[in-house]
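Residue numbers (this note's numbering): 19 to 401. Each residue gets a CB set at the ideal place from its N, CA and C atoms; glycine is no exception.
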Ligand SMILES: Cc1cc2nc3c(=O)[nH]c(=O)nc-3n(C[C@H](O)[C@H](O)[C@H](O)COP(=O)(O)OP(=O)(O)OC[C@H]3O[C@@H](n4cnc5c(N)ncnc54)[C@H](O)[C@@H]3O)c2cc1C
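1. Looking at residue 83 and ligand 1, is the gap between the Cβ and the nearest heavy atom below 7 Å?
2. Heavy atom of ligand 1 less than 7 Å from the Cβ of residue 67, yes or no?
3. May I have a chain-ordered list of the beta strand (DSSP E) segments no shorter than 3 residues that lie completely inside the region 49 to 79?
4. Which one of 183, 290 and 130 has the shortest CA to CA distance from residue 160?
5. Comparing the CB of residue 206 with every heavy atom of ligand 2, is any distance shorter than 7 Å?
6. Taking all protein chains shown into account, do 16 or more other C-beta atoms lie within 10 angstroms of the C-beta of residue 362, making it buried, or fewer, making it exposed?
7. Using three-state DSSP, classify residue 352 as helix, strand or coil.
8. Thinking C-alpha only, which one of 19, 56, 64 and 166 is nearest residue 37?
9. What alpha helix (DSSP H) runs, 4 residues minimum, are completely inside the region 297 to 335?
10. If you drop the 5 nearest sequence neighbours on each side, which residues of the same chain put their C-beta closer than 8 Å to that of residue 151?
11. Would you call residue 252 buried or exposed, if buried means 16 or more other Cβ atoms sit within 10 Å of its Cβ?
12. Could you check where the alpha helix (DSSP H) with residue 126 kicks off and where it finishes?
13. Of all the options 106, 25 and 225, which has the alpha carbon lying nearest to the alpha carbon of residue 259?
14. With a threshold of 7 Å on Cβ separation, who are the neighbours of residue 118 within its own chain once the five nearest residues in sequence on each side are excluded?
15. Can you name the start and end residues of the alpha helix (DSSP H) that residue 113 belongs to?
16. Give the secondary structure of residue 200 by DSSP, where H, G and I count as helix, E and B as strand, and everything else as coil.
17. Assess, as a yes-or-no matter, whether the region 192 to 207 is touched by the region 314 to 325 under the definition of 3 or more beta carbon pairs within less than 8 Å.
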């Protein structure tokens, strides 16, 4: 059975639910319960993520939160006692469309103005540094050496371990089936292992965020989209310090994964669904595009693949807010493919929102729940 009472119930033990729990506990909040429907933590999008960590965004708030998060990932072992295999090999964005060059020029200027050491490269420089890349249609590129990738499970585990140490309870194999609201105030949740009374409920349910909102008649505009990733056999031609390489126009990416490679591509034409089956015919498209961009990938042998869900909002920005009209109901959802990399900042901001009533470290106005009724700017660097 679950504890009958809590101060805060967090729905979902993905990286954002766990980071929120940890940061709240660090601020001294007692009786926090994280409720997870699956058998283990990080079983949703977190464990299925490509683990990419970048600071190259188009909006100021994302750049600031990502820069903060990178600092935290760099110190994760010391601060959280967990080795997260952070490979700071950089992110290389290849741009082949003049409109993207214009967008990235603006973003580059913004990133530099915020102190990010990002480089603007021409095709010759790209070829010189990474000779395997076919640059015949590349107009420009950006490279940030402090970007990279890490192991999402380990990050989630670090937060879970430290949260538990601070007294947080994580209830696995426990599904939230309802939320109790009385007089416009949250009163707790119903779960498959009994009710939990609580004045604060946090929705960090990833792609299932909308279903959680439905439980109390709130529409949370987050849709699930299948995204697939494939892993090759050992591929020593590509060295370990190879950057996460993004062919931006095609939503294609590749990085090292142990001795092999990890490759993915977003099919932007696929409608939303909870389908997580691997489509092996799509794998052929991913490899085909890879061979065009990096011809030596012709020798790559795919060993395995998986599919997970992006949790996408209409403007590709998360919703991090207390939901107006329902006291005690908070959301950190809709990360649109970049929720792992922002998780240190997200947990911090959520803890501020809940304990102080507003975010203090970052201006998260752009993440407010109500923005979809207004003109929205949104994040444009979406992979
Ligand atoms: C293929 C792929 C590649 C990606 N690559 C990257 C990347 O390179 N970098 C990056 O930053 N992000 C990436 N992402 C996105 C990233 O994985 C997510 O944004 C992030 O993991 C979201 O974490 P979360 O904790 O918010 O949600 P999740 O990890 O999805 O956690 C939500 C949890 O809530 C649980 N839950 C749902 N409903 C209930 C309920 N009713 N009761 C109890 N529990 C419930 C779920 O089981 C789940 O464990 C990728 C995603 C995919 C699928």
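Here's the rundown:
1. Because no heavy atom of ligand 1 lies under 7 Å away, the Cβ of residue 83 does not count as near it: no.
2. Distances from the CB of residue 67 to the heavy atoms of ligand 1 include at least one below 7 Å.
3. DSSP runs (the beta strand (DSSP E)) wholly in the region 49 to 79: 50 to 53.
4. The residue with the shortest Cα to Cα distance from residue 160 is 130.
5. Here the bound small molecules are ligand 1; ligand 2 is not part of this structure.
6. With 16 or more Cβ atoms within 10 Å of its Cβ, residue 362 is classed as buried.
7. Of the three classes helix, strand and coil, the one that applies to residue 352 here is coil, per DSSP.
8. Residue 37 has its Cα closest to that of 64, out of 19, 56, 64 and 166.
9. Listed in chain order, they are 298 to 311.
10. Excluding sequence neighbours, residue 151 sits near 112, 144, 145, 263, 311 and 312.
11. With fewer than 16 other Cβ atoms within 10 Å, it is exposed.
12. Per DSSP, residue 126 belongs to the alpha helix (DSSP H) from 116 to 131.
13. For the residues 106, 25 and 225, the minimum Cα distance to residue 259 belongs to 106.
14. Non-local C-beta neighbours of residue 118 in its own chain, meaning closer than 7 Å and more than five positions away in sequence, comprise 266 and 267, ordered along the chain.
15. Where residue 113 is concerned, there is no enclosing alpha helix (DSSP H), although the beta strand (DSSP E) it sits in stretches over 109 to 113.
16. For residue 200, the three-state secondary structure derived from DSSP is strand.
17. Short answer: they don't touch.
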